[in-house]
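**Student:** My structure is below; once you've seen it, I'll send some questions.
Number of protein chains: 2
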Amino acid sequence: MNQLIPYLSVDCVVFGFDSDTQQLNVLVYEREIFDRKTGNVNLKFPGSIVPMEDDLDDSAQKVLYELTGLKNVCLKQFHAFGNPDRIKFDEEKKWAERHYGVKIDRVVTIAYYALIRIDKQNPEQSRIRDKLKWITPDRAENMAFDHSLILKYALAALRKDVLLKDVNGLELLPPKFTLAQLQSLYEAVMGSKLDKRNFRKKISKASYIKPLNEKQQGVAHKPALLFCFDRDEFEKSKEDINTFFI
Amino acid sequence: MNQLIPYLSVDCVVFGFDSDTQQLNVLVYEREIFDRKTGNVNLKFPGSIVPMEDDLDDSAQKVLYELTGLKNVCLKQFHAFGNPDRIKFDEEKKWAERHYGVKIDRVVTIAYYALIRIDKQNPEQSRIRDKLKWITPDRAENMAFDHSLILKYALAALRKDVLLKDVNGLELLPPKFTLAQLQSLYEAVMGSKLDKRNFRKKISKASYIKPLNEKQQGVAHKPALLFCFDRDEFEKSKEDINTFFI
DNA sequence: CCAAAAGTGTTAGCCGTACACCCATGA
DNA sequence: TCATGGGTGTACGGCTAACACTTTTGG
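Line order of the protein sequences matches chains A and B.
Read in order, the letters of the first sequence correspond to residues 1 to 246 in this note's numbering.
Read in order, the letters of the second sequence correspond to residues 1 to 246 in this note's numbering.
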């Protein structure tokens with residue numbers, strides 16, 4: 001028997017920021033199914049079918065928890081993908097059927113992005129599972145289903161949300177960070193270079209980014225002052241946006 | 001038999017702008033079902049269940065076409081609403097079942113907003129059906145299902161998209177418009193007052209808003225110069241956004 | 001003492017903001 | 001001639017953008 005209405009799933013584009021390479025990364029799940037070597041057909045974003053009784057946001061949080069052991073992660077729904085042909089091949093359908101144990105012809109997915117810290121010291125991070133790995137967005141062509149498209153949308157949504165402070169990119173940084181890390185994060189998200197002095201002048205006016213009395217340690221150059229992020233001040237500062245771009 | 005997976009629907013929040021009252025309006029469908037007089041429980045946004053073989057965006061376009069006779073309307077998906085309890089009452093379920101002819105326990109809806117011109121001269125507008133009416137957002141408390149919440153999200157999404165030029169508010173104005181109309185549109189969308197002279201200075205720098213050699217007629221005051229909107233210039237001008245709000 | 005990244009100031013032009021009066025038209 | 005909304009300019013302060021050298025540390 002074929003299904004009569006589309007299945008519903010959530011998929012999570014998990015962003016991390018690697019301060020060493022100064023690049024955004026995304027967490028992908030590696031399926032070991034096809035031996036076609038074209039592109040990244042074995043890579044997909046982690047997701048799951050939404051059970052009849054579960055809320056969408058809860059489903060997404062659950063996926064994240066199972067992957068990373070993290071709770072209360074910054075998670076944002078950004079688009080629903082519902083092209084009837086988004087599961088392109090029969091073998092994809094079979095994979096999905098094996099994976100979920102139901103017969104599947106069509107799945108509409110609600111996509112979320114999440115911001116987490118890539119933090120090798122953090123014990124919770126060790127829960128990031130086998131079969132999951134970080135890749136950079138430019139290596140994400142030709143993923144399974146329409147997941148390369150989902151990533152494009154996720155990046156655009158992240159950029160938009162950061163521009164309007166709908167989300168805070170600082171979720172991607174460790175609790176104590178340097179201005180250089182912060183700048184390279186903004187550069188990675190916006191996809192453009194910024195002037196160091198002008199950037200610092202601007203940031204010094206942001207009440208929600210606060211200097212600590214603490215410096216970097218063990219670096220072979222002048223140690224940088226560490227800063228932290230004040231969530232409450234950030235929330236307050238959102239109200240000041242009123243000008244529009246012509 | 002109860003359903004095993006959620007139904008999927010699209011709902012459309014259709015925005016229009018009334019230049020006379022200088023207010024945003026939304027198009028609502030009036031159900032004549034309940035005689036509870038609490039709030040607007042009989043008002044909902046037009047929508048439909050998504051058939052197994054239809055694309056989400058196409059479904060939304062179809063809903064709009066059936067309502068207004070308009071094609072190629074500016075239409076933007078902004079959020080999926082999937083709380084398992086969003087259809088709150090048994091009588092709501094029964095209404096939905098009568099309306100769609102299937103047994104319904106849960107519906108996840110993908111919400112779109114659309115921008116159309118309220119234009120009494122336009123013959124296509126005459127196709128706006130009985131049972132549909134324009135109301136202002138502040139009169140939309142307590143609508144059916146979670147539609148009051150959907151409206152809040154729609155307004156926020158519209159504001160955000162207009163701020164970032166992801167969408168053009170000018171879709172709400174007639175092809176030839178005055179700067180006063182344009183200003184009151186921006187004020188309505190942003191929810192704030194703007195200074196006339198400063199607004200005009202800003203607009204005069206926007207390459208995509210072009211003066212015509214034509215004036216208002218039949219008004220009991222100095223007739224205003226008419227302007228029009230250049231879609232191509234608008235698309236080009238999007239690239240200039242690179243600064244972020246601190 | 002060398003390499004590496006941190007940290008810092010000035011200038012010029014542009015943009016946002018605040019503010020008040022005359023003009024063209026139809027009634 | 002009056003009521004109505006259209007249309008205009010200026011000055012100030014703050015922001016953006018462009019640009020290069022000194023400082024501190026570990027190796």
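All residues carry an ideal CB built from backbone N, CA and C; glycine is no exception.
#1: Does DSSP put A/Y112 in a helix, in a strand, or in coil?
#2: Check the Cβ-Cβ distances between B/V162 and every residue of chain A, and say whether any is below 8 Å.
#3: Count the other C-beta atoms from every protein chain shown that fall within 10 angstroms of the C-beta of A/V28, then say buried if there are 16 or more, exposed otherwise.
#4: Would you check if the distance between the CB atom of A/I49 and the CB atom of A/Y7 is smaller than 8 Å?
#5: Kindly list the residues whose CB is nearer than 6 Å to the CB of B/L115, restricted to its own chain and excluding five residues on each side of it in sequence; keep chain order.
#6: Just how far apart, CA to CA, sit B/K212 and B/F227?
#7: Alpha carbons only, please: which of B/L43, B/V26 and B/L24 is nearest the one belonging to B/I33?
#8: Which residues in the same chain as B/L155 place their Cβ atom closer than 7 Å to its Cβ, once the five residues preceding and following it in sequence are excluded?
#9: Pick out whichever of B/K238, B/L67, B/D11 and B/H99 has its Cα sitting closest to the Cα of B/V108.
#10: Using the Cβ count rule (16 or more neighbours within 10 Å means buried), how would you classify A/D240?
#11: Pull up the distance between the alpha-carbon of B/K88 and that of B/K133, whole angstroms please.
#12: Only counting the same chain, and skipping five residues up and downstream in sequence, which positions put a Cβ closer than 8 Å to that of B/K93?
#13: What does the alpha-carbon distance come out to for the pair A/V248 and A/E214?
#14: By Cβ distance below 8 Å, which residues in the same chain neighbour A/A80 in space, the five residues on each side in sequence not counted?
#15: In its own chain, which residues sit with a C-beta less than 6 Å from the C-beta of B/M1, not counting the 5 before and 5 after it?
#16: Just mark A/F17 as buried or exposed, buried being the case when its beta carbon has 16 or more other beta carbons within 10 Å.
#17: So, with DSSP's three-state summary, where would you put B/A96?
#18: Give a yes or no on whether 8 Å exceeds the smallest Cβ distance from B/K202 to chain A.
#19: From which residue to which residue does the alpha helix (DSSP H) around A/F81 run?
#20: Starting from A/V26, follow its DSSP beta bridges and name the residues at the other end.
#21: Just tell me which of B/Y186, B/I246 and B/A206 has its CA closest to the CA of B/F229.
#22: Between B/V26 and B/L158, what straight-line distance do the alpha-carbon atoms span, to the nearest angstrom?
#23: Give the residues of chain B in contact with A/A206, contact being defined as C-beta atoms less than 9 Å apart.
#24: Quick check: what's the CA-CA separation for A/R129 versus A/P46?
#25: Please identify the residue among A/T21, A/D20 and A/N40 whose C-alpha is closest to the C-alpha of A/F280.
#26: Under the three-state reduction of DSSP, which class applies to B/N198: helix, strand or coil?
#27: Taking all protein chains shown into account, decide if A/Q99 is buried (16 or more other Cβ within 10 angstroms of its Cβ) or exposed.
#28: Going straight from the alpha carbon of B/S237 to that of B/Y208, what length do you get?
#29: Using the beta-carbon of each residue, which ones in chain B are nearer than 9 Å to A/I110?
#30: Is it buried or exposed for B/H147, if we count other Cβ within 10 angstroms and need 16 for buried?
#31: Less than 8 Å separating the beta-carbons of B/K202 and A/I246?
#32: Give the DSSP bridge partners of A/G47, in chain order.
#33: I need the straight-line Cα distance from A/K196 to B/P84, nearest angstrom please.
#34: What does the Cβ neighbour count give for A/K165, buried or exposed, with the cut at 16 atoms within 10 Å?
#35: Beta-carbon separation of A/E30 and A/K131 under 8 Å?
#36: Taking Cβ to Cβ, would you say B/G169 is nearer than 8 Å to B/Y153?
**Tutor:** Inspection of the coordinates gives the following:
#1: Of the three classes helix, strand and coil, the one that applies to A/Y112 here is strand, per DSSP.
#2: Chain A contact via Cβ: present.
#3: If you draw a 10 Å sphere on the C-beta of A/V28, you find 16 or more other C-beta atoms in it, and that means buried.
#4: The answer is yes: Cβ separation under 8 Å.
#5: Closer than 6 Å at Cβ, skipping near neighbours: F15, C74, E171 and L172.
#6: According to the sequence as given, residue 212 of chain B is Leu; it is not Lys. About 5 Å.
#7: If we check each option's Cα against that of B/I33, B/L43 comes out closest.
#8: Contacts found: P137.
#9: Measuring from the Cα of B/V108, the nearest candidate turns out to be B/D11.
#10: The residue is exposed, with fewer than 16 neighbouring Cβ atoms inside 10 Å.
#11: Taking C-alpha positions only, B/K88 is separated from B/K133 by approximately 24 Å.
#12: The answer, listed in chain order, is I87, I104 and D105.
#13: This structure does not reach residue 248 of chain A, given that chain A is present from 1 up to 246, and the question cannot be answered.
#14: In its chain, beyond the 5 residues on either side, V108, T109, I110 and A111 have a beta carbon closer than 8 Å to the beta carbon of A/A80.
#15: Bear in mind that a pLDDT of 45 at B/M1, under 50, signals an unreliable position, so the model cannot answer this.
#16: Buried, because 16 or more other Cβ atoms sit within 10 Å of the Cβ of A/F17.
#17: DSSP places B/A96 in helix when its eight states are reduced to three.
#18: For B/K202, the answer is yes, since a Cβ of chain A falls inside 8 Å of its Cβ.
#19: Where A/F81 is concerned, there is no enclosing alpha helix (DSSP H), although the beta strand (DSSP E) around it starts and stops at C74 to F81.
#20: A/V26 has A/F15 and A/I135 as its beta-bridge partners, per DSSP.
#21: It is B/A206 whose Cα lies nearest to the Cα of B/F229.
#22: Linking B/V26 to B/L158 through their CA atoms gives a straight-line distance of about 12 Å.
#23: The answer, in chain order, is I246.
#24: When rounded, the separation of the alpha-carbon atoms in A/R129 and A/P46 is 11 Å.
#25: The displayed coordinates of chain A run from 1 to 246. Any statement about residue 280 of chain A would go beyond what the structure contains.
#26: It is helical.
#27: Reading the sequence as shown, one finds His at residue 99 of chain A and not Gln. Flag for A/H99 reads exposed.
#28: Roughly 8 Å separates the two Cα atoms.
#29: Neighbourhood of A/I110 in chain B, by CB distance below 9 Å: A80, G82, V108 and I110, in chain order.
#30: Classification of B/H147: buried, given that the 10 Å Cβ count is 16 or more.
#31: Yes, the Cβ-Cβ distance between B/K202 and A/I246 is below 8 Å.
#32: For A/G47, DSSP records a beta bridge to A/D11.
#33: Going by the C-alpha atoms only, they are around 48 Å apart.
#34: Per the 10 Å Cβ criterion, buried.
#35: Yes; because the gap between Cβ atoms is below 8 Å, this pair is in contact.
#36: With contacts defined by Cβ atoms closer than 8 Å, B/G169 and B/Y153 do not form a contacting pair.
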